[in-house]
Amino acid sequence: MPAGPILCASAPLRLCVKRVFLGMIRKPRSDSPLRMLSAEKQGKIIEWMRSGGTGGVRGQVLAEHGFKPSETALGNFWRWWHMQQQFKRATEDSETMMNLLQQVQPELSERKLFDYGQRVFQLKAVQAEDPKTWVNIERLGLDRQQLYFDREKWEFDAAAACLKKLPELKLIADDKGLNEDAKLLAVRERLFGVTPD
Amino acid sequence: MTSTEKRELLRIAVLRVLEANTSRFGLGITALIHMLGAYGTVGAPDDVRFEVYYLHDKGFLTPVDKAISPENQCWRITAEGRDWVAAH
Numbered sequence: 388m389p390a391g392p393i394l395c396a397s398a399p400l401r402l403c404v405k406r407v408f409l410g411m412i413r414k415p416r417s418d419s420p421l422r423m424l425s426a427e428k429q430g431k432i433i434e435w436m437r438s439g440g441t442g443g444v445r446g447q448v449l450a451e452h453g454f455k456p457s458e459t460a461l462g463n464f465w466r467w468w469h470m471q472q473q474f475k476r477a478t479e480d481s482e483t484m485m486n487l488l489q490q491v492q493p494e495l496s497e498r499k500l501f502d503y504g505q506r507v508f509q510l511k512a513v514q515a516e517d518p519k520t521w522v523n524i525e526r527l528g529l530d531r532q533q534l535y536f537d538r539e540k541w542e543f544d545a546a547a548a549c550l551k552k553l554p555e556l557k558l559i560a561d562d563k564g565l566n567e568d569a570k571l572l573a574v575r576e577r578l579f580g581v582t583p584d
Numbered sequence: 007m008t009s010t011e012k013r014e015l016l017r018i019a020v021l022r023v024l025e026a027n028t029s030r031f032g033l034g035i036t037a038l039i040h041m042l043g044a045y046g047t048v049g050a051p052d053d054v055r056f057e058v059y060y061l062h063d064k065g066f067l068t069p070v071d072k073a074i075s076p077e078n079q080c081w082r083i084t085a086e087g088r089d090w091v092a093a094h
């Protein structure tokens, strides 16, 4: 049997073994044990967290499930659980809408149906979220816009000031007694006045 | 926090949001930004889009095939992305 194919065939096998080995020694994420529990048990932990914060819940999880999650793990689990529920609800609504739409308009292609489902999914996923986040995003966009306008105004003002004092600036630029730093400082003072320390 | 660290946190948050979605549907940039708030991350649309493209290039995200308005891409996490999230 020729050597080439054996080498080629064994290379992926070696990689595969390496990946399996690495997978075995890789440290699992801190909230993994919580995510491995059944949906019912996860719901119960969320209920505990709702009623008593994370402090007592760590002990309750230890007593009932045999491991004590960290505060961080519980926090990550809380976020993941709620987000997953949100996506589940959005998915259910989308699938329901797609089924109804298919009944009403059977001529619609699968692709178009999916597109409508996709739209509903996004709307529903976002609807359940905290409106405060949306306000922050909008504010961030406005701040950026303001920054852009401020910069544009400054550039325009600087250009106008340069034009107005062009003869003086030329004298500074041609002054052989000044080094580069002194020239920059002199130009700055001519254009914007003496800068505060 | 440096901009590099912020970028890394944004990437992780994007992956975590999309990892919670096990449906066949995806999330667009606007919806994604909206949901990043749950991880204490706020990103401007251009920043989030940039990181989504980066994660796509890494094979962690995949675009959802859309017939209507394909320019407004929606994204899902790949198996590779899930593996990464599970390990970190």
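Protein sequences, first through last, are from chains A and B. Using this note's numbering, the first residue of the first sequence is number 388, and each one after it goes up by one. Using this note's numbering, the first residue of the second sequence is number 7, and each one after it goes up by one. Ideal placement from N, C-alpha and C gives every residue a C-beta, glycine not left out. Bear in mind that the values here come from a model prediction, so they are computed numbers and not experimental data.
Interface partners of residue 72 (chain B) on chain A, CB under 7 Å: 502 and 505
Members of the segment 20-35 of chain B near chain A, C-beta cut-off 9 Å: 22, 23, 25, 26, 27, 28, 29, 30, 31, 32, 33 and 34
Contacting residues, own chain, Cβ-Cβ under 8 Å from residue 54 (chain B) (five flanking each side not counted): 16, 20, 35, 38, 39 and 42
CB contact below 7 Å: residue 85 (chain B) versus chain A: no
When B:22, B:10 and B:11 are compared against residue 67 (chain B), the one with the closest alpha-carbon: B:22
Endpoints, beta strand (DSSP E) assigned at residue 68 (chain B): 67-70
Residue 421 (chain A) burial status per 10 Å Cβ neighbour count (16 or more: buried): buried
Strand pairing of residue 82 (chain B), partner residues [DSSP]: B:68
Positions along the segment 33-60 of chain B whose CB lies within less than 7 Å of some CB in chain A: 33, 34, 37, 39, 40, 41, 43, 44, 45, 48 and 50
Contact list for residue 512 (chain A) against chain B, beta-carbon separation under 9 Å: 27, 31, 33, 37, 40 and 41
Counterpart residues of residue 580 (chain A) in DSSP-defined beta bridges: DSSP output for residue 580 (chain A) lists no bridge partner at all.
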